[in-house]
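First residue of the sequence shown: 1, per our numbering; consecutive thereafter.
Data first, discussion second: the structure below is written as structure tokens.
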Amino acid sequence: MSSCVFCRIIAGELPASVVYEDDQCIVFMDIMPITDGHLLVVPKEHYPLVIDVPDELVMHLYKVAKMANKAIRQSDIRSEGINYFLADGVAAGQEVFHSHLHIVPRYRGDGFGLRLPKGYGKIADRAGLDAHCTIIKQNM
Ligand SMILES: [Zn+2]
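Structure follows, in structure tokens:
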């Protein structure tokens, strides 16, 4: 038996409220919703990080996320916007190490948001941006 909670949901060993399922992925309600309608888009195969997920599957997950986004917007669930949130790694807030994408309905006053570091809001100097650009570019 897998110790991964998402693998156990996919195997039918744990309950979930499933809104969509196909041969590659499953979409179900987050058990601790940030707002009503909070969904998780989860590949059926176990990949710890999004960088482990094959490209074709990443594209499929994004396509399904768009379907879920539209479904929420067309429903009566309160939603003035939608956030996609993907935590990739411990420092990024990932808690279940089976890569997944959060779909979070948003509205004014919902209490959810990103906390930005002190000093955020200043335009960075070009030399610093270019230095980081070069480092990342070398690995693209
Ligand atoms: Zn898993």
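All residues carry an ideal CB built from backbone N, CA and C; glycine is no exception.
Could you check whether the Cβ of residue i sits closer than 8 Å to any heavy atom belonging to ligand 1?
i, result
"I10", "yes"
"C4", "yes"
"C25", "no"
"H60", "no"
"C133", "no"
"H46", "yes"
In whole angstroms, give me the CA-to-CA distance for residue i and residue j.
i, j, result
"G181", "G119", "No information on residue 181 is available, as it lies outside the stretch 1 to 140 that the chain covers here."
"V27", "L101", "9 Å"
"D23", "S99", "17 Å"
"M1", "R8", "8 Å"
"L14", "G121", "44 Å"
"V18", "A65", "14 Å"
Pull up the DSSP beta-bridge partners for residue i, would you.
i, result
"I26", "E21 and V42"
Entirely within the stretch 34 to 120 and at least 4 residues each: give me those alpha helix (DSSP H) ranges in chain order.
55 to 73
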